[in-house]
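Peer 1: Dumping the structure here so I can ask a few things about it.
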Amino acid sequence: MSDTTFSGAFPAARLRRLRYHSGVRRLTRDTILSPDRFILPLFVRPGVGVRVPIGAMPGQYQLSIDELVKEVKEIEKLGIGGVMLFGIPETKDAVGSDAMCEHGIVAEAIKALKDVVGKDFLVISDVCFCEYTDHGHCGVLKKCGPGEADWDVDNDATLANLVKQTVAQAKSGVDMVAPSGMMDGMIGAIRRGLDENGFERIPIMSYAAKYASSFYGPFREAAESAPQFGDRRSYQMDPASAPGQAMREIELDVAEGADIIMVKPALPYLDIIRMAKDRFPGLPLAAYNVSGEYSMTKAAAANGWIDEQRVVLETLTSIQRAGATIILTYWAKDVANWLA
Ligand code: PBG
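Numbering of the sequence shown is given in the numbering used here, commencing with residue 1247 and proceeding in unit increments.
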């Protein structure tokens, strides 16, 4: 081979020089996963000593408050940033009363946890009604047509209830609230509600760009929150909508007082995460690695088709590389153990 075979930078430039030595690979890594940026979603239900395995999400459980407390003590020891609570109430009704009650399942869980965790550990609550309503929709319903199934979530009536839910959680001692219902104006309403009740220091992590995704399937088993009719396409975003619409959602939430913004799901929406990071570099950005992403990987690993640990670390690295510095993931414990 004569030198004239080569044009341009090669052989002086050889990118493989950065790859031969593991120390050089480590030194030149840009995306470092750290458990203190992970939030573990947990499901709490009534009872004592209850630990119900979630069929579609191997390794995840519905926990009674006493079991939740034990679990969270372990999670805190692993250096995980915090937990996000979802409640399955004793009784559901048309408006989701349990969620607005200071003695509701999540309110009680928050109190129990805040009694035992250290001041560095975050107890975050999801703010939404689908787990608490008997119809499984994310707010109160109103008739929207002549047909039997012509009911839809009443946006503005739901806002008032979201405020009640958030204030109940704040009174219980929650550190941060995460509204996920995709109602227009919800961040502004919640911000005002918190401030009027003296909770101006509580941050809002908004599920700002949340898509109507089939990847939530296993979660709805876990939270017993599947809609009893219809779907969530009149409030959650259309996956095929222009990415700019996600940016509008984020912009509005920030204008209304969101402190942290979230994109959800994560893996099928890495483009949205990247766009949000570029467009809003001054905002902390979270991504929710949702139940379907978890279950698919678990199923493939159980079949021996993929190596769970390596696939999970690669997945979370991709989500962080796309721009999310905060990741909600059901793998938080496993990853903390793997990285330890
Ligand atoms: C709504 C909510 C959902 C998830 C988080 N918050 C379900 C939905 O919108 O139907 C899904 C999370 C997951 O799939 O892991 N309260």
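Built from N, CA and C at the ideal position, the CB exists for glycine as well. It should be emphasised that the depicted structure is a prediction, and the values quoted were computed from it without experimental measurement.
1. I'd like to confirm something about glycine 1538: is its beta-carbon nearer than 7 Å to some heavy atom of ligand 1, or not?
2. On a Cα-Cα basis, can you pick out the residue from Ala1512, Ala1469, Pro1473 that is closest to glycine 1301?
3. Quick one: does tyrosine 1266 have its CB under 8 Å from some CB of chain C?
4. Starting from tryptophan 1584 and walking both ways along the alpha helix (DSSP H), at which residues does that stretch end?
5. Rounded to the nearest angstrom, what separates tyrosine 1540 and asparagine 1443 at their Cα positions?
6. Any idea which residues DSSP pairs glycine 1333 with across the strands?
7. Under the three-state reduction of DSSP, which class applies to alanine 1548: helix, strand or coil?
8. Taking 7 Å as the cut-off, is the CB of tyrosine 1515 close to at least one heavy atom of ligand 1?
9. State yes or no: is the C-beta of methionine 1664 within less than 8 Å of the C-beta of isoleucine 1370?
10. Between glycine 1427 and threonine 1404, how many whole angstroms is the CB-CB distance? I'm expecting something under 8 Å.
11. If contact is defined by three or more beta carbon pairs under 8 Å, each pair taking one atom from either stretch, is the region 1487-1497 in contact with the region 1452-1461?
12. What does a CB cutoff of less than 8 Å around isoleucine 1448 pick up in its chain, not counting 5 residues either side in sequence?
13. Flag this pair as touching only if the region 1482-1491 and the region 1343-1363 have three or more C-beta atom pairs under 8 Å; answer yes or no.
14. When burial is assigned at 16 or more other CB atoms within 10 Å of the CB, is valine 1581 buried or exposed?
15. Can you tell which of Val1536, Lys1319, Leu1309, Gly1305 has the C-alpha that lies nearest to the C-alpha of phenylalanine 1461?
16. Is there contact here, the region 1470-1479 with the region 1371-1383, by at least three beta-carbon pairs under 8 Å?
17. Pop quiz: valine 1318 and valine 1363 are said to be a contact at Cβ under 8 Å. What is the actual Cβ separation, rounded to whole angstroms?
18. To the nearest angstrom, how far is the alpha carbon of serine 1253 from that of isoleucine 1278?
19. Distance check for aspartate 1553 and isoleucine 1519, CA to CA, integer angstroms please.
20. Is DSSP giving proline 1425 helix, strand or coil here?
21. Do leucine 1531 and serine 1671 come within 8 Å of each other at the CB atom, strictly closer than that value?
Peer 2: Based on what the coordinates show:
1. Glycine 1538 Cβ: within cutoff of ligand 1.
2. Ala1469
3. Among the chains in the structure shown there is no chain C, since it carries only a single protein chain.
4. 1578-1585
5. 38 Å
6. According to DSSP, which records beta bridges pairwise, glycine 1333 is partnered with Val1290.
7. DSSP places alanine 1548 in helix when its eight states are reduced to three.
8. no
9. Here the chain comprises residues numbered 1247 to 1586, so residue 1664 is not present and cannot be evaluated.
10. 7 Å
11. yes
12. Ala1416, Val1420, Asp1421, Met1422, Val1423, Leu1440
13. Not touching, per the Cβ criterion.
14. buried
15. That would be Val1536, whose Cα lies nearest to the Cα of phenylalanine 1461.
16. yes
17. 6 Å
18. Spanning the alpha carbons of serine 1253 and isoleucine 1278 requires a straight line of approximately 36 Å.
19. 26 Å
20. strand
21. Here the chain has residues from 1247 to 1586 only, and residue 1671 is not among them.
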